[in-house]
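Peer 1: Provided herewith is a single structure, encoded as structure tokens, for subsequent inquiry.
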Ligand code: BES
Ligand code: MN
Ligand code: ZN
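So, in structure tokens, the structure goes:
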């Protein structure tokens, strides 16, 4: 689907969408159309439930006296309260609706009052509508070969019409780069494990070089030299070689001498549980156990795409967790890169083993100003927070607060969870320095305590995105499937806190 920004005017063909505010208060374009249709819009509102409340949509098909195929009214709620997120949702909902309607072409008209739509400048308002439309148009359909035409989305192009199109185009160009990052993550998360395994995932990350990101890919031999036996132990049962990828985006001017922000991702391309094998039902979900690593690659795509003025390193550990004669076993002891020995109590608690070495490596090599990891780490996180908030664990209050704020601004919500010495006590081992499970409840917290032992007191935050990476319920800007959750959150964190 093609998205463009055009100068403010009513189109002659295709569908035209115009805003209505709370209590049936028509925007300027709605008023104009109501006039030229001799009151068809007022009639549609008076004969139905549509009041202009946020999120409402009603369509008037084949309006008499006009050459457009339909007029779509979208509710934006109270005129002075219109927000960035409300505009994104409007763009998303319109695309969702029109894609199922047979319409090929949609023009969304953005009416500004004194240069603003609610609290948002007109140019940004148009860009946010386009952003929502773009996010909603995502589909992962490369493996469908027999889909009937009448099931396919129909929209080919969306134009957002606004006064001052040039400024809006500039704003959209940046938002578009962020949308591209989200798409990269959604694609990675959606790929099945037979296609996306450590080597092929690393090849995808390597493509970031084209955007000016420095990408290093290390194989198992190099990892062994570095002493990453916690990560390598997870890969021991797999036919697929482990990979370790470091991506550097140096967008801050050299004169700023900015220490990098580091973002670290769990990249388990398939998690069978290993010898501690998972039950069969739903095991296929574990193709998206690389969601954290997927966010890191999507984030780097967004940052490099929009040339963010910040230094950010992305680090991902890529392994497949499989049972076999060479797999690691419960009771095994491995030595991590940090030197700490780990008793493997359960081979299904593998994500923390991957991150143990990735976090240690990252702080040691880069001395980052802060380190944030993302991981589909625990089923317990879904028990606690469901699919509404990601779990946030942090050793630093400012970092936690900044993440919380960024999450609210982007509608990628996080909720802070506790860390405490008493939880840490649950992972002490009788044979090694630490064991990889707690066995006394609070599974997400003990997992976070485990990670903390490998941060070497670097400012650190951990996002357990187990409940957020995949969705079975569509939202206006997030279709079912891979969500890309985390890309927008971290892009916003960088924009508001790290760019010089
Ligand atoms: N990848 C899983 C966690 C997960 C479960 C993510 C469901 C998304 C949906 C992780 O590796 C895992 O298996 N964790 C175990 C830990 C346990 C063995 C201590 C879990 O949560 O059951
Ligand atoms: Mn597991
Ligand atoms: Zn896992």
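Residue numbers (the working numbering): 967 to 1466.
All C-beta atoms, glycine included, are put in the ideal place defined by N, C-alpha and C.
All values derive from a computational prediction rather than experimental measurement.
1. Could you tell me whether the Cβ atoms of residue 1201 and residue 1334 are closer together than 9 Å?
2. Going by DSSP, name the residue or residues bridged to residue 1087.
3. Could you please give the first and the last residue of the uninterrupted beta strand (DSSP E) stretch that includes residue 987?
4. State yes or no: is the C-beta of residue 1102 within less than 9 Å of the C-beta of residue 1435?
5. Measure the beta-carbon distance from residue 1040 to residue 1056 and round it to whole angstroms, keeping in mind my assumption that it falls under 8 Å.
6. Just curious, the alpha helix (DSSP H) that residue 1195 is in, first and last residue?
7. Which residue from 1173, 1199, 1089 and 1076 puts its Cα closest to that of residue 1296?
8. Looking at the secondary structure, which residues open and close the beta strand (DSSP E) in which residue 1382 lies?
9. Please tell me whether, using a cut-off of 8 Å, the distance from the CB of residue 1172 to the nearest non-hydrogen atom of the ligand BES is below it.
10. Who sits around the ligand ZN, taking every residue whose Cβ is closer than 5 Å to one of its heavy atoms?
11. Any idea if residue 1116 is buried or exposed, counting beta-carbon neighbours within 10 angstroms, 16 or more meaning buried?
12. When you measure from the CB of residue 1298 to every non-hydrogen atom of the ligand BES, does any distance come out below 8 Å?
13. Please work out which residues of its chain come closer than 6 Å, Cβ to Cβ, to residue 1275, disregarding the five sequence neighbours upstream and downstream, and give them in chain order.
14. Touching or not, the stretch 1447-1455 and the stretch 1257-1277, by the rule of three or more beta carbon pairs under 8 Å?
15. My understanding is that residue 1432 touches residue 1342, with C-beta atoms under 8 Å, so please give their C-beta distance in whole angstroms.
16. Quick one: grab the DSSP three-state call for residue 1347.
17. Is any heavy atom in the ligand MN found nearer than 8 Å to the beta carbon of residue 1357?
18. State whether the stretch 1169-1178 contacts the stretch 1134-1141, with contact taken as three or more CB pairs (one from each stretch) at a distance under 8 Å.
19. For residue 1327, count neighbouring Cβ atoms within 10 angstroms of its own Cβ and tell me buried if that reaches 16, exposed if not.
20. Output the distance between the C-alpha atoms of residue 1094 and residue 1383, rounded to the nearest integer angstrom.
21. At a cut-off of 8 Å, is residue 1239 close to the ligand BES when judged by its beta-carbon and the heavy atoms of the ligand?
22. Scan the stretch 1308-1389 and note each continuous alpha helix (DSSP H) run of 4 residues or more that stays entirely inside, going in chain order.
23. Between which residues of its own chain and residue 1025 is the CB-CB distance below 6 Å, once the five residues before and five after are set aside?
24. Looking only at its own chain, which residues have a Cβ that is under 6 Å from the Cβ of residue 1293, when we skip the five neighbours before and after it?
25. Return the Cβ separation of residue 1258 and residue 1339 in integer angstroms, given the expectation that the two are a contact with Cβ distance under 8 Å.
26. Would you give the residue range spanned by the alpha helix (DSSP H) that residue 1011 belongs to?
27. Going straight from the alpha carbon of residue 1349 to that of residue 1380, what length do you get?
28. Is there contact between the stretch 1080-1095 and the stretch 1113-1130, where contact requires at least three CB pairs shorter than 8 Å?
29. Helix, strand or coil: which one does DSSP assign to residue 1106?
30. CB-CB under 8 Å to residue 1148, same chain, minus the five flanking residues each way: which ones, in chain order?
31. In this structure, what does DSSP give as the bridge partners for residue 1284?
32. Give me, in chain order, the residues of the same chain whose beta-carbon lies closer than 6 Å to that of residue 1182; leave out the 5 immediate sequence neighbours on both sides.
33. Hey, quick one: how far does the beta strand (DSSP E) through residue 1426 stretch, first residue to last?
34. What is the C-beta distance between residue 1031 and residue 1003, in whole angstroms, given that I count them as a contact (C-beta under 8 Å)?
35. Can you give me the start and stop residues for the alpha helix (DSSP H) that residue 1416 sits inside?
36. For residue 1113, does the count of other Cβ atoms within 10 angstroms reach 16, so buried, or fall short, so exposed?
Peer 2: In brief:
1. Walking along the chain shown from the start, residue 1201 turns up at place 235. Walking along the chain shown from the start, residue 1334 turns up at place 368. Cβ distance not < 9 Å, so residue 1201 and residue 1334 don't count as in contact.
2. Here residue 1087 refers to the residue found at position 121 when the chain shown is read from its first residue. Bridge partners of residue 1087: 1082.
3. Taking the first residue of the chain shown as position 1, residue 987 is located at position 21. Per DSSP, residue 987 belongs to the beta strand (DSSP E) from 981-987.
4. As a position in the chain shown, residue 1102 is number 136, starting the count at 1. As a position in the chain shown, residue 1435 is number 469, starting the count at 1. Against a cut-off of 9 Å, the Cβ pair of residue 1435 and residue 1102 comes out as no contact.
5. On the chain shown, residue 1040 is found 74 positions in, with the first residue counted as 1. On the chain shown, residue 1056 is found 90 positions in, with the first residue counted as 1. Contact holds; Cβ gap of about 5 Å.
6. As a first step, residue 1195 must be located in the chain shown, where it is residue number 229. Residue 1195 -> alpha helix (DSSP H) spans 1195-1201.
7. Here residue 1296 is taken as the residue at index 330 of the chain shown, counted from 1. Nearest of 1173, 1199, 1089 and 1076 to residue 1296, Cα basis: 1199.
8. Start at 1 with the first residue of the chain shown, and residue 1382 comes out as number 416. Residue 1382 -> beta strand (DSSP E) spans 1380-1382.
9. One-based indexing of the chain shown puts residue 1172 at position 206. Incorrect: residue 1172 has no Cβ contact closer than 8 Å to the ligand BES.
10. 1234, 1237, 1255 and 1317
11. Within the chain shown, residue 1116 is the residue found at index 150, counting from 1. Residue 1116 comes out exposed.
12. Here residue 1298 is taken as the residue at index 332 of the chain shown, counted from 1. Flag unset: Cβ of residue 1298 not near the ligand BES.
13. The sequence position of residue 1275 within the chain shown is 309, counting from 1. These residues qualify, in order along the chain: 1217, 1218, 1465 and 1466.
14. yes
15. Taking the chain shown and counting its residues from 1, the one referred to as residue 1432 is at position 466. Taking the chain shown and counting its residues from 1, the one referred to as residue 1342 is at position 376. Right, the Cβ-Cβ distance comes to about 5 Å (below 8 Å), so this counts as a contact.
16. Along the chain shown, read from residue 1 onward, the residue named residue 1347 stands at position 381. Helix at residue 1347.
17. On the chain shown, residue 1357 is found 391 positions in, with the first residue counted as 1. Not under cutoff, so the answer is no.
18. no
19. Here residue 1327 refers to the residue found at position 361 of the chain shown. Buried, since its Cβ has 16 or more Cβ neighbours within 10 Å.
20. In the chain shown, the residue the question calls residue 1094 occupies position 128. In the chain shown, the residue the question calls residue 1383 occupies position 417. Those two C-alpha atoms are separated by around 31 Å.
21. As a position in the chain shown, residue 1239 is number 273, starting the count at 1. Under cutoff, so the answer is yes.
22. 1317-1332, 1345-1351 and 1363-1376
23. For the purposes of this step, residue 1025 is identified with residue 59 of the chain shown, where counting begins at 1. Excluding residues within five positions, the ones whose Cβ falls inside 6 Å are 1036 and 1038.
24. If you number the chain shown from 1, residue 1293 lands on position 327. 1202, 1203, 1240 and 1241, listed in sequence order.
25. For the purposes of this step, residue 1258 is taken as residue 292 along the chain shown, with counting starting at 1. For the purposes of this step, residue 1339 is taken as residue 373 along the chain shown, with counting starting at 1. With a Cβ gap of about 7 Å, residue 1258 and residue 1339 count as contacting.
26. The residue labelled residue 1011 in the question sits at position 45 within the chain shown. Where residue 1011 is concerned, the enclosing alpha helix (DSSP H) stretches over 1006-1012.
27. Residue mapping note: residue 1349 aligns to position 383 of the chain shown, counting from 1. Residue mapping note: residue 1380 aligns to position 414 of the chain shown, counting from 1. Going from the Cα of residue 1349 to the Cα of residue 1380 covers about 15 Å.
28. yes
29. Indexing the chain shown from 1 puts residue 1106 at position 140. DSSP places residue 1106 in coil when its eight states are reduced to three.
30. Counted from its first residue, the chain shown places residue 1148 at position 182. Counting only Cβ-Cβ distances below 8 Å, and skipping sequence neighbours, we find 1101, 1104, 1264, 1268, 1450, 1453 and 1454.
31. Translated into positions along the chain shown, residue 1284 becomes position 318. According to DSSP, which records beta bridges pairwise, residue 1284 is partnered with 1209 and 1233.
32. Position 216 of the chain shown holds residue 1182. Here the set comprises 1212.
33. Numbered from its first residue, the chain shown carries residue 1426 at position 460. Unbroken beta strand (DSSP E) run through residue 1426: 1426-1430.
34. Sequence index remark: in the chain shown, residue 1031 carries index 65 (1-based). Sequence index remark: in the chain shown, residue 1003 carries index 37 (1-based). About 6 Å; that satisfies the 8 Å criterion.
35. The sequence position of residue 1416 within the chain shown is 450, counting from 1. From DSSP, the alpha helix (DSSP H) with residue 1416 extends over 1409-1418.
36. Working through the chain shown from its first residue, we reach residue 1113 at position 147. With fewer than 16 Cβ atoms within 10 Å of its Cβ, residue 1113 is classed as exposed.
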